[in-house]
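Inspection log for the structure reproduced underneath, given as structure tokens.
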Amino acid sequence: MLLILLLGCFLSIPLFFLWYRLFKKYIINTKRRKLLTFFATLLTIPFIYIGSIFIWLFTISYYPDYSFNIKKWSTNQETRYELSKDIIGSRMLIGKTKLEVLKILGDENNKIEENHWIYYLGTRPELFNIDPDMLKIEFIDGKVIKVSQHPT
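For the sequence shown, the UniProt record's numbering gives the first residue as 1, with consecutive numbering after it.
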């Protein structure tokens with residue numbers, strides 16, 4: 001509670017003086033200017049806090065998307081989610097055989113069933129996300145027909 005009060009003072013005092021300075025040009029009556037400045041400060045503080053929360057949520061859930069790179073894929077298994085969008089979007093695996101997929105993605109840290117292969121992608125930085133994502137590759141007649149990403 002004390003922290004919220006301190007943050008409120010930290011933000012509201014400079015904002016009050018900013019509004020006061022802006023109103024000084026247009027409102028000559030000092031009492032009216034102070035009252036208007038007070039209410040303007042009270043009205044704008046919630047918007048600033050809400051905007052700050054949205055910016056914070058965006059920054060903690062942001063992660064870059066990179067073009068697929070075999071070296072990045074094989075060296076850092078915890079950030080494979082950064083490469084998965086390119087794998088799915090470019091459809092680079094569609095039509096490839098199981099041997100070709102093994103050559104591209106390797107066989108480390110994956111679950112191979114007969115017609116479904118699952119590769120571990122790591123945990124995406126999202127709010128309340130504790131489960132890692134998986135890249136699911138489906139085969140028919142030994143060739144890739146579908147590549148999708150889903151949480152475990």
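Glycine is no exception: its CB is placed at the ideal position from the N, C-alpha and C atoms.
From the DSSP output, read off the bridge partner residues of residue i.
| i | result |
| --- | --- |
| Trp117 | Ile112 and Ile137 |
| Thr37 | Answer is none; Thr37 lacks a bridge partner. |
| Gly95 | The partner list for Gly95 (beta bridge, DSSP) is empty, contrary to what the question assumes. |
Near residue i, what residues of its chain come up, given a Cβ to Cβ distance below 7 angstroms and the 5 sequence neighbours on each side ignored?
| i | result |
| --- | --- |
| Ser61 | Pro125, Glu126 and Leu127 |
| Leu36 | Phe23 and Ile27 |
| Thr79 | Gly122 |
| Pro64 | Glu82 |
| Ile70 | Ile104 |
Beta strand (DSSP E) containing residue i: first to last residue?
| i | result |
| --- | --- |
| Ile145 | Lys143 to Pro151 |
Using the rule of at least 16 other Cβ atoms within 10 Å of the residue's Cβ for burial, across every protein chain shown, is residue i buried or exposed?
| i | result |
| --- | --- |
| Lys96 | buried |
| Trp56 | exposed |
| Ile137 | buried |
| Leu42 | exposed |
| Ile87 | buried |
| Leu93 | buried |
In chain order, what residues of the same chain lie with their CB nearer than 6 angstroms to the CB of residue i, ignoring the 5 residues before and after it?
| i | result |
| --- | --- |
| Leu135 | Ser84, Tyr119, Leu121 and Gln149 |
| Gly106 | Ser74 |
Along the chain, where does the alpha helix (DSSP H) that runs through residue i open and close?
| i | result |
| --- | --- |
| Gly89 | Tyr81 to Gly89 |
| Leu105 | Lys98 to Leu105 |
| Thr75 | Ile70 to Thr75 |
If you draw a straight line from the C-alpha of residue i to the C-alpha of residue j, how long is it?
| i | j | result |
| --- | --- | --- |
| Phe54 | Phe47 | 11 angstroms |
| Lys34 | Thr59 | 36 angstroms |
| Thr30 | Leu11 | 23 angstroms |
| Trp117 | Asp131 | 18 angstroms |
| Arg21 | Arg32 | 13 angstroms |
| Ile45 | Phe38 | 11 angstroms |
| Asp141 | Tyr66 | 31 angstroms |
| Pro14 | Gly8 | 10 angstroms |
| Lys98 | Asn129 | 31 angstroms |
| Lys146 | Trp19 | 58 angstroms |
Return yes when the C-beta of residue i is under 7 angstroms from any heavy atom of the ligand HEM, and no when it is not.
| i | result |
| --- | --- |
| Tyr63 | Of ligands this structure carries none, so the ligand HEM is not represented either. |
So, for residue i: in the same chain, excluding its five sequence neighbours on each side, which residues have a beta-carbon less than 8 angstroms away from its beta-carbon?
| i | result |
| --- | --- |
| Ser90 | Phe68 |
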